[in-house]
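Asks: Sequential numbering from 118 applies to the sequence shown in the working numbering.
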Amino acid sequence: MAKERLFYLDFVRALAAIAIVITHYNAVFLYWDPPVPGLYVIDAFVFGIYIGNFGVSLFLIISGAALMHVYGNGLKLKKFYIKRFKSLYPMFWIAYSVAFLYMYVYKGNWATTQVPKQNLILTFLGMDGYLADIIPTFYLVGEWFLGFIVIFYIVFPVLRFLIEKQPVLLAIGAVVIYCALVWISGRYTMHMDPSKNLFVRLPELLFGMYFIKYIKKVNLPVAGISLAVLIVNQIIKPSWNEYVQTTYIGIAAFLVLVYISQYVKSEKVHAVCAWISKYSYAIFLTHHIIIYTLVTGFNVMEMSHSESYLIFFGLCFVIAVTSVILYKVHDYIMKGIAVLYRKVNPSGNDMIKS
Numbered sequence: 118m119a120k121e122r123l124f125y126l127d128f129v130r131a132l133a134a135i136a137i138v139i140t141h142y143n144a145v146f147l148y149w150d151p152p153v154p155g156l157y158v159i160d161a162f163v164f165g166i167y168i169g170n171f172g173v174s175l176f177l178i179i180s181g182a183a184l185m186h187v188y189g190n191g192l193k194l195k196k197f198y199i200k201r202f203k204s205l206y207p208m209f210w211i212a213y214s215v216a217f218l219y220m221y222v223y224k225g226n227w228a229t230t231q232v233p234k235q236n237l238i239l240t241f242l243g244m245d246g247y248l249a250d251i252i253p254t255f256y257l258v259g260e261w262f263l264g265f266i267v268i269f270y271i272v273f274p275v276l277r278f279l280i281e282k283q284p285v286l287l288a289i290g291a292v293v294i295y296c297a298l299v300w301i302s303g304r305y306t307m308h309m310d311p312s313k314n315l316f317v318r319l320p321e322l323l324f325g326m327y328f329i330k331y332i333k334k335v336n337l338p339v340a341g342i343s344l345a346v347l348i349v350n351q352i353i354k355p356s357w358n359e360y361v362q363t364t365y366i367g368i369a370a371f372l373v374l375v376y377i378s379q380y381v382k383s384e385k386v387h388a389v390c391a392w393i394s395k396y397s398y399a400i401f402l403t404h405h406i407i408i409y410t411l412v413t414g415f416n417v418m419e420m421s422h423s424e425s426y427l428i429f430f431g432l433c434f435v436i437a438v439t440s441v442i443l444y445k446v447h448d449y450i451m452k453g454i455a456v457l458y459r460k461v462n463p464s465g466n467d468m469i470k471s
């Protein structure tokens, strides 16, 4: 039986997706030489932390919450992994293939790359963005977050089991490991950004899972305290560890947004959030390369603030259209594969439905 759709999951996911798109648009101006902060959409920082960290934190919390909502009452490993595989890889491979044809065939960059050809296996596995900081890869689409989510999906059944059987012990263990890694990251140079480490992000992932399992709702006092945390952090802009700030700001923002969501009654807002949520993975796969390809064609130094906003909204339209096309193409291909599979293996319907 299908699970009841929770509006706050769509609401938070939609806002997180918007934050990530804004992040990569603003990154063009943030990393320009010299930076052009006057062209940011909204700002590069919210509540005292980088807007990209804010968006990712919300995505991690919502990822844990969404999986726990679907699988909180039971999980069959084989079906779970088949479904996760189908939810991630086919669409990624389609998006990558199109980007590959554009970047390496149409633009002719393939012959000049120095990346070992055998590293294409990392792309096939969706780990190229995740590992791009430490080894050369053919990363084009998907960001580091895709590789991280692959790892999270692998360990989710274990985390779910521990939440069911040893929730207190799991929480204590996660906090201890988190504190240790944050302390180490502040004293030693890490080959990989600690923000990509599963154990550094466990508090966010687990918070989403615990929320669905044990908390479920946010009352006014909790929302008020959470909002106060966001406001204070925005005002004082503390200089302490960015990973710690990202963790508590993400959790506080999630609680505030969940509280707000129960008062959002507009059917149009619900429909927009459901639409963004539906296409969020396609948006995630397409937005970065579209922004990079199109924005670099403008003369940034002669751009006005209002022009920057117009370009941003134009890009959002292009991203939306491209994402819908990617989603439809993926859906068409998967349905075609299902039909062929049934013809070849009539007894394998359970596999297709997983």
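Where is the CB? At the ideal position from N, CA and C, for every residue including glycine.
Between which two residues does the alpha helix (DSSP H) carrying residue 403 extend?
Replies: Position 286 of the sequence shown, counted from the first residue, corresponds to residue 403. Residue 403 -> alpha helix (DSSP H) spans 397-412.
Asks: Could you please give the first and the last residue of the uninterrupted alpha helix (DSSP H) stretch that includes residue 200?
Replies: The count along the sequence shown starts at 1 and reaches residue 200 at position 83. Its alpha helix (DSSP H) spans residues 194-217.
Asks: Give me the Cα-Cα distance between residue 160 and residue 459, rounded to the nearest whole angstrom.
Replies: The sequence position of residue 160 within the sequence shown is 43, counting from 1. The sequence position of residue 459 within the sequence shown is 342, counting from 1. Distance from the CA atom of residue 160 to the CA atom of residue 459, rounded to whole angstroms, is 51 Å.
Asks: Considering only their Cβ atoms, is the gap separating residue 365 from residue 349 smaller than 8 Å?
Replies: Indexing the sequence shown from 1 puts residue 349 at position 232. Indexing the sequence shown from 1 puts residue 365 at position 248. Taking 8 Å as the Cβ cut-off, residue 349 and residue 365 do not qualify as a contacting pair.
Asks: Residues bridged to residue 167 by DSSP?
Replies: Translated into positions along the sequence shown, residue 167 becomes position 50. Paired residue(s): 162.
Asks: For the structure I just gave you, are there three or more beta carbon pairs, one from the segment 386-405 and one from the segment 124-135, closer than 8 Å?
Replies: Segments in contact, yes.
Asks: Is the distance from the Cβ of residue 211 to the Cβ of residue 438 below 8 Å?
Replies: Residue 211 sits at position 94 when you count from the first residue of the sequence shown. Residue 438 sits at position 321 when you count from the first residue of the sequence shown. Result no, Cβ atoms of residue 211 and residue 438 do not sit closer than 8 Å.
Asks: Does DSSP put residue 387 in a helix, a strand or coil?
Replies: Working through the sequence shown from its first residue, we reach residue 387 at position 270. Correct three-state label for residue 387: helix.
Asks: How long is the line joining the alpha carbons of residue 173 and residue 313, rounded to whole angstroms?
Replies: Here residue 173 refers to the residue found at position 56 when the sequence shown is read from its first residue. Here residue 313 refers to the residue found at position 196 when the sequence shown is read from its first residue. Using only the alpha carbons, I get a separation of about 10 Å.
Asks: What is the residue span of the alpha helix (DSSP H) that residue 319 lies within?
Replies: Residue mapping note: residue 319 aligns to position 202 of the sequence shown, counting from 1. Membership of residue 319 in the alpha helix (DSSP H) is indicated by the continuous run 315-327.
Asks: Candidates 304, 208, 196 and 320: which alpha carbon is nearest residue 271's?
Replies: Taking the sequence shown and counting its residues from 1, one reaches residue 271 at position 154. Per the Cα distances, 196.
Asks: Judging by CA-CA distance, which residue of 344, 203, 290 and 324 is the nearest neighbour of residue 450?
Replies: Numbered from its first residue, the sequence shown carries residue 450 at position 333. Residue 450 has its Cα closest to that of 203, out of 344, 203, 290 and 324.
Asks: If you follow the alpha helix (DSSP H) that residue 122 is in, where does it begin and where does it stop?
Replies: Mapped onto the sequence shown, residue 122 falls at position 5. Looking at the DSSP string, residue 122 is not in any alpha helix (DSSP H), and its letter there is neither H nor E.
Asks: If contacts are defined as beta-carbon pairs under 8 Å, then residue 144 and residue 176 qualify, I think. What distance do you get, rounded to the angstrom?
Replies: As a position in the sequence shown, residue 144 is number 27, starting the count at 1. As a position in the sequence shown, residue 176 is number 59, starting the count at 1. At roughly 17 Å, the Cβ-Cβ gap does not stay under 8 Å, so residue 144 and residue 176 are not in contact.
Asks: Less than 8 Å between the C-beta atoms of residue 170 and residue 363, yes or no?
Replies: Your numbering for residue 170 matches position 53 in the sequence shown. Your numbering for residue 363 matches position 246 in the sequence shown. Cβ distance < 8 Å, so residue 170 and residue 363 count as in contact.
Asks: With 16 as the cutoff for other CB atoms within 10 Å, does residue 325 come out buried or exposed?
Replies: Taking the sequence shown and counting its residues from 1, one reaches residue 325 at position 208. That one is buried.
Asks: Quick check on this structure: which residue in 131, 148 and 189 has the alpha carbon closest to the alpha carbon of residue 121?
Replies: Along the sequence shown, read from residue 1 onward, the residue named residue 121 stands at position 4. The option with the nearest alpha carbon to residue 121 is 189.
Asks: Smallest Cα separation from residue 264: which of 239, 311, 320 and 163?
Replies: Walking along the sequence shown from the start, residue 264 turns up at place 147. Looking at the Cα atoms, 239 is the closest of the given residues.
Asks: Using only CA atoms, which one of 157, 168 and 266 lies nearest to residue 209?
Replies: The sequence position of residue 209 within the sequence shown is 92, counting from 1. Ranked by how close their Cα comes to the Cα of residue 209, the residues 157, 168 and 266 have 266 in first place.
Asks: Which residue marks the beginning of the alpha helix (DSSP H) containing residue 350, and which one marks its end?
Replies: Numbered from 1 along the sequence shown, position 233 holds the residue referred to as residue 350. First-last of the alpha helix (DSSP H) with residue 350: 337-353.
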